[in-house]
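**Q** Chains as they are written, first to last, in our numbering: chain F, 15 to 131; chain S, 15 to 131; chain D, 55 to 151; chain U, 55 to 151; chain L, 265 to 400; chain W, 265 to 400. For each residue, glycine too, the CB sits at the ideal point set by N, CA and C. Quantities reported herein were computed from a predicted structural model and do not represent experimental measurements.
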Amino acid sequence: MKIGVMVQEGPYQHQASDSAWEFVRAALARGHEIVGVFFYTDGVYNVNRFMNPPGERVIGKRWSELGAQGIPLVACVTDSTYRGITQEIAVPNAKISGLGNLAEFIQQADRFVTFGD
Amino acid sequence: MKIGVMVQEGPYQHQASDSAWEFVRAALARGHEIVGVFFYTDGVYNVNRFMNPPGERVIGKRWSELGAQGIPLVACVTDSTYRGITQEIAVPNAKISGLGNLAEFIQQADRFVTFGD
Amino acid sequence: MLFTVNKSPYLRGNLEGCLRLAPAGTPLLLYEDGVYAAAAGTRVEGLLRQALASHPVYAVEADLKARGIARLIEGVRVIDYAGFVELVEQHPVVPWL
Amino acid sequence: MLFTVNKSPYLRGNLEGCLRLAPAGTPLLLYEDGVYAAAAGTRVEGLLRQALASHPVYAVEADLKARGIARLIEGVRVIDYAGFVELVEQHPVVPWL
Amino acid sequence: MEHGEPRGEPSGAPPRKVLVLMRKAPYGSLYNWEGLQVLLIMGAYKMQGLVDIAVAFVEDGVFAITQGQDPSSLGMKAIAKTYPALPDFEVDRFYVDGQSLADRNLTLDDLVIKPEILDAAGMARLLAEQDAILPF
Amino acid sequence: MEHGEPRGEPSGAPPRKVLVLMRKAPYGSLYNWEGLQVLLIMGAYKMQGLVDIAVAFVEDGVFAITQGQDPSSLGMKAIAKTYPALPDFEVDRFYVDGQSLADRNLTLDDLVIKPEILDAAGMARLLAEQDAILPF
Numbered sequence: 015m016k017i018g019v020m021v022q023e024g025p026y027q028h029q030a031s032d033s034a035w036e037f038v039r040a041a042l043a044r045g046h047e048i049v050g051v052f053f054y055t056d057g058v059y060n061v062n063r064f065m066n067p068p069g070e071r072v073i074g075k076r077w078s079e080l081g082a083q084g085i086p087l088v089a090c091v092t093d094s095t096y097r098g099i100t101q102e103i104a105v106p107n108a109k110i111s112g113l114g115n116l117a118e119f120i121q122q123a124d125r126f127v128t129f130g131d
Numbered sequence: 015m016k017i018g019v020m021v022q023e024g025p026y027q028h029q030a031s032d033s034a035w036e037f038v039r040a041a042l043a044r045g046h047e048i049v050g051v052f053f054y055t056d057g058v059y060n061v062n063r064f065m066n067p068p069g070e071r072v073i074g075k076r077w078s079e080l081g082a083q084g085i086p087l088v089a090c091v092t093d094s095t096y097r098g099i100t101q102e103i104a105v106p107n108a109k110i111s112g113l114g115n116l117a118e119f120i121q122q123a124d125r126f127v128t129f130g131d
Numbered sequence: 055m056l057f058t059v060n061k062s063p064y065l066r067g068n069l070e071g072c073l074r075l076a077p078a079g080t081p082l083l084l085y086e087d088g089v090y091a092a093a094a095g096t097r098v099e100g101l102l103r104q105a106l107a108s109h110p111v112y113a114v115e116a117d118l119k120a121r122g123i124a125r126l127i128e129g130v131r132v133i134d135y136a137g138f139v140e141l142v143e144q145h146p147v148v149p150w151l
Numbered sequence: 055m056l057f058t059v060n061k062s063p064y065l066r067g068n069l070e071g072c073l074r075l076a077p078a079g080t081p082l083l084l085y086e087d088g089v090y091a092a093a094a095g096t097r098v099e100g101l102l103r104q105a106l107a108s109h110p111v112y113a114v115e116a117d118l119k120a121r122g123i124a125r126l127i128e129g130v131r132v133i134d135y136a137g138f139v140e141l142v143e144q145h146p147v148v149p150w151l
Numbered sequence: 265m266e267h268g269e270p271r272g273e274p275s276g277a278p279p280r281k282v283l284v285l286m287r288k289a290p291y292g293s294l295y296n297w298e299g300l301q302v303l304l305i306m307g308a309y310k311m312q313g314l315v316d317i318a319v320a321f322v323e324d325g326v327f328a329i330t331q332g333q334d335p336s337s338l339g340m341k342a343i344a345k346t347y348p349a350l351p352d353f354e355v356d357r358f359y360v361d362g363q364s365l366a367d368r369n370l371t372l373d374d375l376v377i378k379p380e381i382l383d384a385a386g387m388a389r390l391l392a393e394q395d396a397i398l399p400f
Numbered sequence: 265m266e267h268g269e270p271r272g273e274p275s276g277a278p279p280r281k282v283l284v285l286m287r288k289a290p291y292g293s294l295y296n297w298e299g300l301q302v303l304l305i306m307g308a309y310k311m312q313g314l315v316d317i318a319v320a321f322v323e324d325g326v327f328a329i330t331q332g333q334d335p336s337s338l339g340m341k342a343i344a345k346t347y348p349a350l351p352d353f354e355v356d357r358f359y360v361d362g363q364s365l366a367d368r369n370l371t372l373d374d375l376v377i378k379p380e381i382l383d384a385a386g387m388a389r390l391l392a393e394q395d396a397i398l399p400f
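1) Should the region 81-100 of chain D be called in touch with the region 367-376 of chain L, which here means at least 3 C-beta pairs below 8 Å?
2) Can you tell me which of S/Pro-86, S/Gly-112, S/Asn-115 and S/Thr-92 puts its alpha carbon nearest to the alpha carbon of S/Val-38?
3) Determine the chain F residues that contact U/Tyr-135 at a beta-carbon separation under 8 Å, and present them in chain order.
4) Put F/Ile-73 into one of helix, strand or coil per three-state DSSP.
5) Spatial neighbours of D/Ala-78 within its chain, please: C-beta separation below 6 Å, excluding the five flanking residues on both sides.
6) Measure the CB-CB distance between U/Leu-31 and U/His-145 and report whether it falls below 7 Å.
7) Taking its Cβ as the centre, do 16 or more other Cβ atoms sit within 10 Å of D/Asp-117, making it buried, or is it exposed?
8) Relative to the C-alpha of W/Gln-312, which residue among S/Glu-118, S/Glu-102, S/Gly-18 and S/Gly-45 is closest?
9) Identify every run of the beta strand (DSSP E) within the region 81-133 of chain U, keeping only runs that are complete inside it and at least 3 residues long; order them along the chain.
10) Over what stretch of residues does the alpha helix (DSSP H) that includes W/Gly-307 continue unbroken?
11) Using a Cβ-Cβ cut-off of less than 7 Å, give me the residues of the region 358-383 of chain W that come near chain U, in sequence order.
12) Count the other C-beta atoms from every protein chain shown that fall within 10 angstroms of the C-beta of L/Asp-373, then say buried if there are 16 or more, exposed otherwise.
13) First and last residue of the alpha helix (DSSP H) that includes W/Leu-372?
14) Throw me the rounded Cβ distance for the D/Ile-123 and D/Val-148 pair, which I believe falls under 8 Å.
15) Run through the region 336-370 of chain W for me and flag every whole beta strand (DSSP E) of 3 or more residues, listed as ranges in chain order.
16) What is the rounded straight-line gap between the Cα of F/His-46 and the Cα of F/Gly-24?
17) Between S/Gln-22 and chain F, is any beta-carbon pair separated by less than 7 Å?
18) Which residues in chain U have a C-beta closer than 9 Å to the C-beta of L/Pro-399? List them in chain order.
19) Thinking just about the alpha-carbon of each residue, which of D/Thr-58, D/Gly-67 and D/Arg-66 is nearest to the one in D/Thr-80?
20) Name, going along the chain, the residues of the region 45-78 of chain F whose beta-carbon falls closer than 8 Å to a beta-carbon of chain S.
21) Kindly indicate which residue of S/Ala-41, S/Arg-71 and S/Ser-111 has the alpha-carbon position closest to the one of S/Tyr-26.
22) Name the chain D residues whose beta carbon is nearer than 7 Å to that of W/Leu-350?
23) Judging by CA-CA distance, which residue of S/Val-19, S/Asn-62, S/Gly-81 and S/Ile-120 is the nearest neighbour of S/Gln-101?
24) Please confirm whether F/Ile-17 and F/Ala-41 have their CB atoms less than 7 Å apart.
25) Roughly how many angstroms lie between the CA atoms of L/Glu-266 and W/Ser-336, to the nearest whole one?
26) What residue does the alpha helix (DSSP H) around S/Glu-7 start on, and which one ends it?
27) Is the Cβ of D/Val-130 closer than 7 Å to any Cβ of chain L?
28) How would you call F/Lys-75, buried or exposed, if buried means at least 16 neighbouring beta carbons within 10 angstroms?
29) Kindly give me the distance between the Cβ atoms of W/Gln-394 and W/Lys-281, rounded to whole angstroms, as I take these residues to be in contact under 8 Å.
30) Kindly list, in the order they appear in chain D, the residues whose Cβ is closer than 7 Å to that of W/Glu-323.
31) In or out: W/Lys-378 buried (at least 16 other Cβ within 10 Å) or exposed?
32) Show which residues of chain D have a CB atom less than 9 Å away from the CB atom of U/Arg-66.
33) Select from the region 94-123 of chain S all residues with a C-beta closer than 7 Å to any C-beta belonging to chain L, and list them in chain order.
34) Identify the contact partners of W/Leu-294 in chain A, using a Cβ-Cβ distance below 8 Å as the criterion.
35) With the cut-off set at 7 Å, would you say W/Met-306 and W/Asn-296 are in Cβ contact?
36) Can you find a C-beta in chain U that's less than 7 Å from the C-beta of W/Asp-316?
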């Protein structure tokens with residue numbers, strides 16, 4: 015199936031980002047196509063490339079690795095602008111772009127799952 | 015009196031940062047001394063200098079202005095490192111530093127107030 | 055002690071939780087989404103009436119206005135941020151976030 | 055429909071809220087702090103027993119293990135993330151965040 | 265459990281049914297402001313026949329559409345006032361959970377729009393019709 | 265209402281009484297991990313006689329100290345296992361709300377430390393003694 019995902023919280027503070035990542039990996043393992051992961055509201059913090067937690071999972075890097083496999087990763091441009099996240103500081107394979115991407119993902123997906131608080 | 019403040023959430027997503035700012039202004043207006051504002055957990059996002067909300071309150075700038083009045087603003091260095099916030103991208107008058115600052119603020123303050131979710 | 059509550063009483067247990075522990079006479083401050091508890095005639099009015107029976111209850115005006123809450127339960131004292139600060143002058147804060 | 059609940063039943067009304075609207079037979083997935091509802095013998099056990107009377111109830115194993123929840127209410131089905139995905143294959147998701 | 269069957273390609277398929285589900289209160293957090301932005305963009309996709317879009321107000325989500333909101337002294341944008349303009353953006357299917365209104369001592373007269381009031385069974389049917397539900 | 269009187273300078277003053285109040289569950293959010301970091305730093309200040317530090321577990325905060333936690337498959341750090349080491353960092357005053365334990369079908373035997381169990385009145389007294397309460 016084609017599955018779309020939205021993440022509404024930033025890394026570390028809430029489990030949402032971790033749960034979304036586990037879900038995406040499990041969906042890929044079952045042969046599904048992830049049409050995209052849309053990072054909305056505080057979720058845009060997930061694509062900050064400067065996360066550097068000592069001895070810990072690096073959430074931005076994990077997402078970037080999924081992006082390298084061809085999964086579209088988009089952080090909402092408006093929310094990013096509010097919060098000081100720009101394309102320059104985004105991890106590789108993540109795009110800062112408009113809400114239209116969310117609409118596209120939904121329109122392409124057979125299922126859509128949101129992770130948040 | 016001497017009053018210390020902790021902020022546990024980032025800007026915009028939750029009202030915590032707004033409430034803390036209103037409280038600090040009102041406390042100053044009543045002649046109190048704010049011994050410091052400590053930004054902890056997602057609160058560290060408050061000091062990002064690149065926030066740029068079109069036609070909206072710029073929360074980082076508001077804090078920086080209070081810092082210019084001599085109020086110590088400290089964002090937890092560990093949480094900042096986790097989340098990709100560094101001294102270079104911090105607003106003027108905000109310092110990325112250790113949890114010891116929180117302990118100092120508490121030790122100096124007659125009252126301590128936390129804003130969060 | 056000043057107990058502060060910033061959560062909606064419909065979806066969160068914060069108000070109920072702090073009422074269990076706050077000794078009679080201790081003031082209670084509602085702010086942010088906590089001010090929804092002060093609206094008259096709702097399903098949770100009983101909870102706030104229980105609070106008012108034992109505690110002075112304050113609600114922040116700017117938060118009431120933002121949310122368009124006009125009809126308050128009788129006895130709730132509306133204060134501005136200066137009033138919030140005054141309460142903090144008088145009492146150490148117990149943030150029931 | 056698959057209702058998903060990720061909040062503790064002690065401090066949040068999410069589980070109760072979605073039970074009011076979920077038609078009988080609709081599966082319910084507990085994950086993150088939502089899995090606390092699956093623990094046996096607690097004050098909120100009645101809520102989950104009510105859920106089990108009308109719904110298949112699933113709980114994510116990794117979240118149970120993280121929290122050290124060992125004794126579950128009988129009838130709760132423990133699944134891994136692959137099982138979560140299987141449920142999503144079968145049902146559109148209603149996230150009751 | 266077994267796999268569901270994939271559907272066909274979306275092009276040429278009927279419009280995806282999308283519901284924005286507002287469950288949180290405004291101002292204390294940003295979520296339902298963000299849900300409002302999603303409604304606006306979905307309206308544009310509805311115009312192209314790609315999605316069908318509706319919004320439901322449940323639990324504290326009903327506070328999003330109450331009259332008299334004035335967050336100006338907090339420097340925040342008013343949320344409710346945008347709703348009456350949504351039909352201009354092709355968003356015109358509004359639903360509200362009757363129990364949630366009653367619990368909060370609200371009636372249609374207290375709201376800035378006139379959503380269709382649904383009982384629990386009606387709300388469950390609405391949820392069941394959707395391809396995608398976006399919570400705010 | 266009238267202004268309270270400022271206290272004297274803290275140097276030479278008795279140590280500030282600080283309570284970390286754990287009310288949230290671990291893993292779903294980071295708060296009580298962060299509270300734990302505060303306990304560790306406060307221990308260092310206690311050694312200097314500047315603060316007195318205690319921790320109370322109330323409501324879902326009691327889940328922070330249950331036995332058997334294993335978040336390794338989620339790639340997260342275990343939280344509970346740090347608590348037994350806290351006395352080495354000068355943090356040794358642990359309190360738990362008895363009602364919160366009972367509500368969750370927990371007893372002292374289920375916990376990684378042995379906090380003093382307080383009833384509602386005892387917990388209220390503990391809260392009333394503090395100069396600063398830090399919620400997590």
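**A** Once the coordinates are examined:
1) Remark: three or more beta-carbon pairs, one from each stretch, lie closer than 8 Å, so the region 81-100 of chain D and the region 367-376 of chain L are flagged as touching.
2) It is S/Pro-86.
3) Contacts between U/Tyr-135 and chain F, judged by CB atoms closer than 8 Å, involve Glu-36, Phe-37, Arg-39 and Ala-40 in chain order.
4) Annotated three-state conformation of F/Ile-73 is helix, per DSSP.
5) The residues are Ser-108.
6) Here chain U has residues from 55 to 151 only, and residue 31 of chain U is not among them.
7) Result: buried.
8) Nearest of S/Glu-118, S/Glu-102, S/Gly-18 and S/Gly-45 to W/Gln-312, Cα basis: S/Glu-118.
9) For the region 81-133 of chain U, whole beta strand (DSSP E) runs of length 3 or above, ordered along the chain, are 82-84, 111-114 and 131-133.
10) Run containing W/Gly-307: 295-311, per the alpha helix (DSSP H) assignment.
11) Going along the region 358-383 of chain W in chain order, one finds Asp-367, Arg-368 and Asn-369 with a Cβ nearer than 7 Å to chain U.
12) Counting Cβ neighbours within 10 Å, L/Asp-373 comes out exposed, since fewer than 16 surround it.
13) Element bounds for W/Leu-372: n/a, residue is neither H nor E.
14) Not really, about 24 Å apart at Cβ, beyond 8 Å.
15) Taking 3 residues as the shortest admissible run, the region 336-370 of chain W contains the following complete beta strand (DSSP E) segments, listed from N- to C-terminal end: 358-361.
16) Taking the CA atoms as reference points, F/His-46 sits about 25 Å from F/Gly-24.
17) S/Gln-22 does not count as touching chain F.
18) Among the residues of chain U, those whose CB is under 9 Å from the CB of L/Pro-399 are Val-148, Pro-149, Trp-150 and Leu-151, following chain order.
19) It is D/Thr-58.
20) Per Cβ criterion, the list reads Thr-55, Asp-56, Tyr-59, Asn-62, Arg-63, Phe-64, Met-65, Asn-66, Pro-67, Pro-68, Glu-70 and Gly-74.
21) Considering only alpha carbons, the answer is S/Arg-71.
22) Within 7 Å Cβ-Cβ: nothing; W/Leu-350 doesn't reach chain D, min ~22 Å.
23) Checking every option, the nearest Cα to that of S/Gln-101 belongs to S/Asn-62.
24) Yes; because the gap between Cβ atoms is below 7 Å, this pair is in contact.
25) Here L/Glu-266 scores only 34 on pLDDT, less than 50, and its place in the model should not be relied on; the value that follows carries that caveat. Answer to the nearest angstrom: the Cα atoms are 29 Å apart.
26) Residue 7 of chain S falls outside the range modelled here, since chain S spans only 15 to 131, and no answer is possible.
27) At a cut-off of 7 Å between beta carbons, D/Val-130 makes no contact with chain L.
28) By the 10 Å Cβ count, F/Lys-75 comes out exposed.
29) Right, their Cβ atoms sit about 5 Å apart.
30) Correct list: Gly-71.
31) Counting the other CB atoms within 10 Å of its CB gives W/Lys-378 a total below 16, which places it among the exposed residues.
32) Result: Leu-65, Arg-66 and Gly-67.
33) Listed by position, the residues of the region 94-123 of chain S near chain L (Cβ gap below 7 Å) amount to none.
34) Looking for chain A here will not work: the only protein chains present are F, S, D, U, L and W.
35) Taking a C-beta distance under 7 Å as the contact criterion, W/Met-306 and W/Asn-296 do not qualify as a contact pair.
36) No - not a single Cβ of chain U is within 7 Å of the one on W/Asp-316.
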